[in-house]
Amino acid sequence: MKHTISALVENYSGVLSRISGLFSARGFNINSLTVGETEDPTVSRMTIVVDGDERTLEQVKKQLNKLIDVITVHDLTKTRFIDRELILIKVAVESPKDRCEIIEIAGNMKADVVDLGSQTITVEAAGDTPAIDKLVGSLRQFGIKEIVRTGKIAMSLDPMEKAQKTPKEEEE
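The sequence shown begins at 4 in my numbering and counts up by one.
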């Protein structure tokens, strides 16, 4: 099972290296890792997606909490949270018909066309992992030339609003 972990860490050089080193030294595979400064410039948020059972997850959390640079560690997996990824996809264009179809697919999937080249179209999208995977699958028939994809970013929802649905949940 994939677990999404959110960790607040001190924002200075070497922290990312120590945390990724912790994972590799213990044989844990990181599926996705994103880091960015928070509202406090001295603190960064790391969103780490790791595959494993509950025992593996507990080991990861314990090891992270031992590091002096780590402020807090939260497993978001069993809570309500919002997650997003960003992707850029460069797709081959062989005919005017392909160009129209790619633009239509992008529009239908709430993606933006960010570059129209003579032989390629570059599409940008942000969304949850299933939506991004669906977009990639829809464009694969045209010939994907290049993909650049961020890791997952995630934020827990307000616990006082558990009964309410996110806008995404309302669409489903």
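Note that the Cβ used here is the ideal one computed from N, Cα and C, for glycine as well.
For the beta strand (DSSP E) containing K93, list its first residue and its last residue.
Counting along the chain, the unbroken beta strand (DSSP E) around K93 starts and ends at F84 to A95.
Whose CA, out of L36, T7, V151 and A157, lies closest to the CA of D78?
Residue nearest to D78 within the set L36, T7, V151 and A157 is T7 (criterion: CA-CA distance).
Do E57 and R152 have their C-beta atoms closer together than 8 angstroms?
Taking 8 angstroms as the Cβ cut-off, E57 and R152 do not qualify as a contacting pair.
State the Cα-Cα distance for the pair E97 and P133, rounded to the nearest angstrom.
A straight-line Cα-Cα distance of about 28 angstroms links E97 and P133.
Closer than 7 angstroms: R83 CB and nearest the ligand NAD heavy atom
Ligands displayed in this structure: none; no statement on the ligand NAD is therefore possible.
Distance, Cα to Cα, P99 vs G130?
Taking the straight line from one Cα to the other gives about 28 angstroms.
Closer than 8 angstroms by C-beta to D54: which residues in its own chain qualify, once you throw out the five before and the five after it? Chain order, please.
Result list for D54: M4, K5, H6, N32 and N34, in chain order.
Are the beta-carbon atoms belonging to S9 and A157 less than 8 angstroms from one another?
A contact, by the Cβ cut-off of 8 angstroms.
Close Cβ partners of V76 (< 6 angstroms) along its chain, the five nearest in sequence each way excluded:
Cβ neighbours of V76 within its own chain (closer than 6 angstroms, five residues either side excluded): A10, K64, L67 and N68.
In terms of residues, what are the limits of the beta strand (DSSP E) holding N14?
Where N14 is concerned, there is no enclosing beta strand (DSSP E), given that its DSSP letter is neither H nor E.
If you follow the beta strand (DSSP E) that A128 is in, where does it begin and where does it stop?
Looking at the DSSP string, the run of the beta strand (DSSP E) that includes A128 is T123 to G130.
Starting from the C-beta of D161, find all residues in its chain whose C-beta is less than 8 angstroms away, skip the five residues before and the five after it, and write them out in chain order.
None.
Paired residues, beta bridge with D54 - DSSP:
Within the DSSP bridge table, the entry for D54 names K5 as partners.
Given that a residue counts as buried once 16 or more other Cβ atoms are within 10 Å of its Cβ, and exposed if not, what is K81?
So K81 ends up on the exposed side.
On the three-state DSSP scale, how would you describe K137?
In this structure, K137 counts as helix in the three-state DSSP scheme.
Backbone secondary structure at K168 - three-state DSSP
Its pLDDT being 49, under 50, K168 is placed unreliably by the model, and nothing is read from it.
Return the first residue and the last residue of the beta strand (DSSP E) that R152 is part of.
Residue range I147 to R152 is occupied by the beta strand (DSSP E) that includes R152.
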